[in-house]
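With this note's numbering, letter number 124 in the sequence shown gets 627, and the count goes up by one each step, no holes. Cβ coordinates follow ideal geometry from the N, Cα and C atoms, glycine included. Contents: one structure, followed by commentary.
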Amino acid sequence: MSAYFHYYLFMYKKLFIIKLLIVAYIWVPTIVFAQEALWLRYPTISPDGSSMVFGYQGNLYKVPASGGQATPLTVGQSHSMMPVWSRDGQWIAFADDRHGNFDVFVMPSAGGQATRLTYNSANDFPYDFSADDGAVYFGSTRQAPATSVRFPSITLFQNVYQVPVKGGRAKLVSAAGMDFAKLSPNGQQMVFQDRKGGEDP
Numbered sequence: 504m505s506a507y508f509h510y511y512l513f514m515y516k517k518l519f520i521i522k523l524l525i526v527a528y529i530w531v532p533t534i535v536f537a538q539e540a541l542w543l544r545y546p547t548i549s550p551d552g553s554s555m556v557f558g559y560q561g562n563l564y565k566v567p568a569s570g571g572q573a574t575p576l577t578v579g580q581s582h583s584m585m586p587v588w589s590r591d592g593q594w595i596a597f598a599d600d601r602h603g604n605f606d607v608f609v610m611p612s613a614g615g616q617a618t619r620l621t622y623n624s625a626n627d628f629p630y631d632f633s634a635d636d637g638a639v640y641f642g643s644t645r646q647a648p649a650t651s652v653r654f655p656s657i658t659l660f661q662n663v664y665q666v667p668v669k670g671g672r673a674k675l676v677s678a679a680g681m682d683f684a685k686l687s688p689n690g691q692q693m694v695f696q697d698r699k700g701g702e703d704p
């Protein structure tokens, strides 16, 4: 064989090894990091500060605030998110799309059977529990009353409703476009994020 052929074979093997190293450099860190829990969402701490609930890959998990093993509260193909603790720490309200759109559910904070509270075709997202833990306040894009000064929008403005924890008809609290509403401890005041309309400067 000619010297040229040996040189070509040597360079081919060298390039092949370099390509393998590049692939290993790119993919090995990806495989390692894929084992880490990324995109943890909506963390919320219990009223006594001992536990946290968070969303991960469409399910809810509970973990001691000091760290440790996370325990799944929901499992399945539906998307559970936006957990909210009751004031006594006994219940978790959350949104889930197991019936198509997002509805509000409530379940024991220790885990167990979830109870559906809302049945509207609009998306409903829990915000807070009432002062006595007897109701859940939630945001929804369901139709506002005709007297509302806001124009109807299924994406812009969340109307605030409340629904009994034991089930029943949802009651409109405000159609003023209030996102992420939270009640004061005595239930007399509400703080919220004001959602501006597209026509505002």
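Where does Tyr564 land, buried or exposed, given buried means 16+ other C-beta within 10 angstroms?
-> buried
Does DSSP put Leu563 in a helix, in a strand, or in coil?
-> strand
For Gly579, does the three-state DSSP call read helix, strand or coil?
-> coil
Run of the beta strand (DSSP E) containing Tyr630, from where it starts to where it stops = Asp627 to Phe632
Can you tell me whether DSSP reads Asp600 as helix, strand or coil?
-> coil
Can you check whether the CB of Asp636 is closer than 9 Å to the CB of Asp591?
-> In this structure, the beta-carbon distance from Asp591 to Asp636 falls below 9 Å.
Starting from the C-beta of Thr547, find all residues in its chain whose C-beta is less than 8 Å away, skip the five residues before and the five after it, and write them out in chain order.
-> Met555, Val556, Phe557, Pro586, Val587 and Trp588
Nearest CA to the CA of Phe597: which residue from Leu675, Leu576 and Lys674?
-> Restricting attention to Leu675, Leu576 and Lys674, the CA atom closest to the CA of Phe597 is found in Leu576.
Using the C-alpha atoms, what's the distance from Gly670 back to Gln616?
-> Using only the alpha carbons, I get a separation of about 14 Å.
Contact set for Ala568: own chain, Cβ-Cβ below 7 Å, skip 5 residues either direction = Ile548, Gly552, Ser553, Ser554 and Met555
Using CA coordinates, which residue listed in Asp682, Val668, Gly561 and Val676 is at the minimum distance from Thr618?
-> Val668
Assuming Gln718 and Tyr640 make a contact with CB atoms under 8 Å, what is their CB distance in whole Å?
-> No answer is possible for residue 718: it lies beyond the span of the chain, which begins at 504 and ends at 704.
With a CB to CB cut of under 7 Å and the five nearest residues on each side skipped, what residues in its chain are close to Gln545?
-> In the sequence as displayed, the identity of residue 545 is Tyr instead of Gln. Within the same chain, Tyr545 has close Cβ partners Phe557, Gly558, Met584, Met585 and Pro586.
Run through DSSP, which three-state label would Lys669 get?
-> coil
Thinking C-beta only, is Ala647 closer than 9 Å to Ala673?
-> no
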